[in-house]
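Asks: If you count by my numbering, then the sequence shown holds residues 41 to 335, one letter each, in order.
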Amino acid sequence: METIARLRLDTFELTLRDIRDVGAEQLHALSVSVGWSHREGDWQTLLDLGGGVAAVDEIERVVGTVMWLRYGADFAMICMLITLPRLQEQGAGRWLMERAHELNGAAAFGLTATRAARRLYRSMGYGYEQKILQCQGQIAPGNRPSCKVEGLVRPVRFDDYESLVRLDHAANGYDRSAVFRRLAPESKGHALVRNDQIVAFALCRRFGRGHVIGPVVAATEDDAIAVSLPHVEAHAGSFLRADTPASNIAFTNFLVASGMQIHDTVTSMGLKRAPFKPVNPEGPRRIALASQALG
Ligand SMILES: CC(C)(COP(=O)(O)OP(=O)(O)OC[C@H]1O[C@@H](n2cnc3c(N)ncnc32)[C@H](O)[C@@H]1OP(=O)(O)O)[C@@H](O)C(=O)NCCC(=O)NCCS
Numbered sequence: 041m042e043t044i045a046r047l048r049l050d051t052f053e054l055t056l057r058d059i060r061d062v063g064a065e066q067l068h069a070l071s072v073s074v075g076w077s078h079r080e081g082d083w084q085t086l087l088d089l090g091g092g093v094a095a096v097d098e099i100e101r102v103v104g105t106v107m108w109l110r111y112g113a114d115f116a117m118i119c120m121l122i123t124l125p126r127l128q129e130q131g132a133g134r135w136l137m138e139r140a141h142e143l144n145g146a147a148a149f150g151l152t153a154t155r156a157a158r159r160l161y162r163s164m165g166y167g168y169e170q171k172i173l174q175c176q177g178q179i180a181p182g183n184r185p186s187c188k189v190e191g192l193v194r195p196v197r198f199d200d201y202e203s204l205v206r207l208d209h210a211a212n213g214y215d216r217s218a219v220f221r222r223l224a225p226e227s228k229g230h231a232l233v234r235n236d237q238i239v240a241f242a243l244c245r246r247f248g249r250g251h252v253i254g255p256v257v258a259a260t261e262d263d264a265i266a267v268s269l270p271h272v273e274a275h276a277g278s279f280l281r282a283d284t285p286a287s288n289i290a291f292t293n294f295l296v297a298s299g300m301q302i303h304d305t306v307t308s309m310g311l312k313r314a315p316f317k318p319v320n321p322e323g324p325r326r327i328a329l330a331s332q333a334l335g
């Protein structure tokens, strides 16, 4: 085929803007360009909870993003690091991460790394790795895996939220009441009550291609299954997702038996300390993430 003309377009000048100053539809287009299933509403949840920057080119097109959420005074969760595919492997990702560290001044950081980003984070000092399985799929109608329940599983009520925040705090080491306040109105929840106390819970809300089960907090996988099962039953025939640490073998088997598959593997990582550490190793822990971004 005859070449008529050639043009080299590899010099970009990027400017940083506050992420709230760019349109949600531009952010959505960027995450679609890297194959992520986030809806504009999923971006909005993060914009309501955290800060961030967007890199724009000379004509104000968004070509990169990074966000952060503060959990307490000295810890920030970094998320939504994205660079436009045609810009990748030229240093923009590293540059955005450096700005994120610089601009929010937390002492320690956590994030959930995709495979594409893990090497970058390792080279910046992130460690304390924990493998997370992204399970998702169409929930099969019909038979459900059996589950042992000791106690009463009932829907979460509005006045339960303080107990959920306390349980989440014990599981992860942070007060995430802001996250719960934001997710509560759009989530349905089930709690396991034993001796008049909530000992486990699972929330579920719209996210990406369907619904996500998360956060799920429990001291045992049996308890986690007991509170997640009603969500699975409510979504028979539709798309459901849950992100769980790979060490939760029984919980993963339950998700797979329900019709989800292990779609991807990502890595929870921390800088300066292990993120998401239970206060008591025998007590409640995170069985499913609120999302990869929120941890
Ligand atoms: C991950 C991502 C942000 C990296 O952005 P980038 O602009 O390519 O980053 P950089 O050019 O600064 O590269 C950073 C490092 O990662 C390496 N890298 C980039 N893409 C890679 C890939 N696909 N696989 C392995 N390593 C990769 C680079 O070689 C570089 O290493 P070096 O600094 O030692 O040379 C980008 O690939 C992306 O948006 N991916 C899709 C969304 C995503 O997965 N985001 C991460 C969320 S946790």
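Quick reminder that beta carbons are idealized off the backbone N, C-alpha and C, glycines included.
Are the Cβ atoms of residue 229 and residue 241 separated by less than 9 Å?
Replies: Position 189 of the sequence shown, counted from the start, is the residue given in the question as residue 229. Position 201 of the sequence shown, counted from the start, is the residue given in the question as residue 241. Yes.
Asks: Buried or exposed: which applies to residue 255, given that a residue is buried once 16 or more other Cβ atoms fall within 10 Å of its Cβ?
Replies: The residue labelled residue 255 in the question sits at position 215 within the sequence shown. Buried: at least 16 other Cβ atoms inside 10 Å.
Asks: Smallest Cα separation from residue 177: which of 304, 188, 322?
Replies: By one-based count along the sequence shown, residue 177 stands at place 137. For residue 177, the nearest C-alpha among the options comes from 304.
Asks: By alpha-carbon positions, which one of 140, 311, 87, 308 ends up nearest to residue 65?
Replies: Translated into positions along the sequence shown, residue 65 becomes position 25. Checking every option, the nearest Cα to that of residue 65 belongs to 87.
Asks: Using a Cβ-Cβ cut-off of 8 Å (strictly less than) and excluding sequence neighbours within five positions of residue 320, which residues of its own chain qualify?
Replies: As a first step, residue 320 is located in the sequence shown; it is residue number 280 there, counting from the start. Excluding positions up to five away in sequence, the list reads 210.
Asks: My assumption, with CB atoms under 8 Å, is that residue 298 sits in contact with residue 185. Please give the rounded CB distance.
Replies: For the purposes of this step, residue 298 is identified with residue 258 of the sequence shown, where counting begins at 1. For the purposes of this step, residue 185 is identified with residue 145 of the sequence shown, where counting begins at 1. Yes, residue 298 and residue 185 are in contact; Cβ-Cβ is about 7 Å, under 8 Å.
Asks: Opposite residue 228 in the DSSP bridges: which residues?
Replies: By 1-based counting over the sequence shown, the position of residue 228 is 188. DSSP lists 244 as partners of residue 228.
Asks: By Cβ distance, which residues of its chain are closer than 6 Å to residue 1, with the 5 residues on each side in sequence left out?
Replies: This structure cannot settle anything about residue 1, because the visible part of the chain is limited to 41 through 335.
Asks: I'd like to confirm something about residue 55: is its beta-carbon nearer than 8 Å to some heavy atom of ligand 1, or not?
Replies: The sequence position of residue 55 within the sequence shown is 15, counting from 1. No; taking the cut-off as 8 Å, the Cβ of residue 55 has no heavy atom of ligand 1 nearer than that.
Asks: Got a sec: does ligand 1 put a non-hydrogen atom nearer than 8 Å to the Cβ of residue 74?
Replies: Translated into the one-based positions of the sequence shown, residue 74 becomes position 34. Yes, since a heavy atom of ligand 1 falls inside the 8 Å radius drawn around the Cβ of residue 74.
Asks: Whole-angstrom Cβ separation of residue 328 and residue 292, contact assumed at under 8 Å?
Replies: Taking the sequence shown and counting its residues from 1, the one referred to as residue 328 is at position 288. Taking the sequence shown and counting its residues from 1, the one referred to as residue 292 is at position 252. The Cβ separation is near 10 Å, so there is no contact.
Asks: If the criterion is Cβ atoms closer than 9 Å, does the pair residue 311 and residue 69 meet it?
Replies: By 1-based counting over the sequence shown, the position of residue 311 is 271. By 1-based counting over the sequence shown, the position of residue 69 is 29. Result no, Cβ atoms of residue 311 and residue 69 do not sit closer than 9 Å.
Asks: Going by DSSP in three states, residue 261 sits in which element: helix, strand or coil?
Replies: Your numbering for residue 261 matches position 221 in the sequence shown. In this structure, residue 261 counts as helix in the three-state DSSP scheme.
Asks: Considering only the alpha carbon of each residue, which of 153, 104, 141 lies closest to residue 132?
Replies: One-based indexing of the sequence shown puts residue 132 at position 92. Considering only alpha carbons, the answer is 104.
Asks: I think residue 83 touches residue 109, with their Cβ atoms under 8 Å apart; what is that distance to the nearest whole Å?
Replies: As a working mapping, residue 83 is identified with position 43 in the sequence shown. As a working mapping, residue 109 is identified with position 69 in the sequence shown. Incorrect: roughly 13 Å between the Cβ atoms, too far for contact.
Asks: Quick check: what's the CA-CA separation for residue 317 versus residue 265?
Replies: Translated into positions along the sequence shown, residue 317 becomes position 277. Translated into positions along the sequence shown, residue 265 becomes position 225. Computed Cα separation, rounded: 21 Å.
Asks: What span of residues does the alpha helix (DSSP H) with residue 68 cover, start to end?
Replies: As a working mapping, residue 68 is identified with position 28 in the sequence shown. Counting along the chain, the alpha helix (DSSP H) containing residue 68 begins and ends at 64–73.
Asks: For the alpha helix (DSSP H) containing residue 198, list its first residue and its last residue.
Replies: The count along the sequence shown starts at 1 and reaches residue 198 at position 158. Counting along the chain, residue 198 falls outside any alpha helix (DSSP H), and DSSP gives it neither H nor E.
Asks: Starting from residue 220, follow the alpha helix (DSSP H) in both directions and report where the run begins and ends.
Replies: Taking the sequence shown and counting its residues from 1, the one referred to as residue 220 is at position 180. Residue 220 -> alpha helix (DSSP H) spans 217–223.
Asks: Scan the region 165–200 and note each continuous beta strand (DSSP E) run of 3 residues or more that stays entirely inside, going in chain order.
Replies: Those beta strand (DSSP E) runs which fall completely within the region 165–200 and span 3+ residues are 167–178, 192–195.
Asks: Of the residues 138, 235, 233, 197, which one's Cα is nearest the Cα of residue 225?
Replies: Against the sequence shown, residue 225 aligns to sequence position 185. When only C-alpha atoms are compared, the closest one is 197.
Asks: Are at least three pairs of beta-carbons, each pair with one atom in the region 44–61 and one in the region 94–104, less than 8 Å apart?
Replies: Yes, the region 44–61 is in contact with the region 94–104.
Asks: Closer than 8 Å to a non-hydrogen atom of ligand 2 - does that hold for the CB of residue 84?
Replies: The model on display carries ligand 1 but not ligand 2.
Asks: Which first and last residues belong to the alpha helix (DSSP H) in which residue 286 is found?
Replies: To locate residue 286, count along the sequence shown from 1; it is residue 246. It is not in any alpha helix (DSSP H) - residue 286 carries neither H nor E in the DSSP assignment.
Asks: Tell me whether residue 108, by its Cβ, gets closer than 8 Å to a heavy atom of ligand 1.
Replies: Here residue 108 corresponds to residue number 68 of the sequence shown, with the count starting at 1. The answer is no for residue 108.
Asks: Quick one: grab the DSSP three-state call for residue 277.
Replies: In the sequence shown, counting from the first residue as 1, residue 277 sits at position 237. Coil at residue 277, not helix or strand.
Asks: Measuring straight from C-alpha to C-alpha, what distance separates residue 330 and residue 122?
Replies: For this step, residue 330 is matched to residue 290 along the sequence shown. For this step, residue 122 is matched to residue 82 along the sequence shown. Going from the Cα of residue 330 to the Cα of residue 122 covers about 20 Å.
Asks: Let's test the definition: count the other Cβ atoms within 10 Å of the Cβ of residue 44 and tell me whether it reaches 16, buried, or not, exposed.
Replies: As a first step, residue 44 must be located in the sequence shown, where it is residue number 4. The residue is exposed, with fewer than 16 neighbouring Cβ atoms inside 10 Å.
Asks: Taking only heavy atoms of ligand 1 into account, decide whether any of them is closer than 8 Å to the Cβ of residue 120.
Replies: Working through the sequence shown from its first residue, we reach residue 120 at position 80. Flag set: Cβ of residue 120 near ligand 1.
Asks: Between the beta-carbon of residue 333 and the beta-carbon of residue 107, is there less than 9 Å?
Replies: Position 293 of the sequence shown, counting from 1, holds the residue named residue 333. Position 67 of the sequence shown, counting from 1, holds the residue named residue 107. A contact, by the Cβ cut-off of 9 Å.
Asks: Report yes if the CB atom of residue 164 is closer than 9 Å to the CB atom of residue 139, and no otherwise.
Replies: Locating residue 164 in the sequence shown gives position 124, where the first residue counts as 1. Locating residue 139 in the sequence shown gives position 99, where the first residue counts as 1. No; because the gap between Cβ atoms is not below 9 Å, this pair is not in contact.
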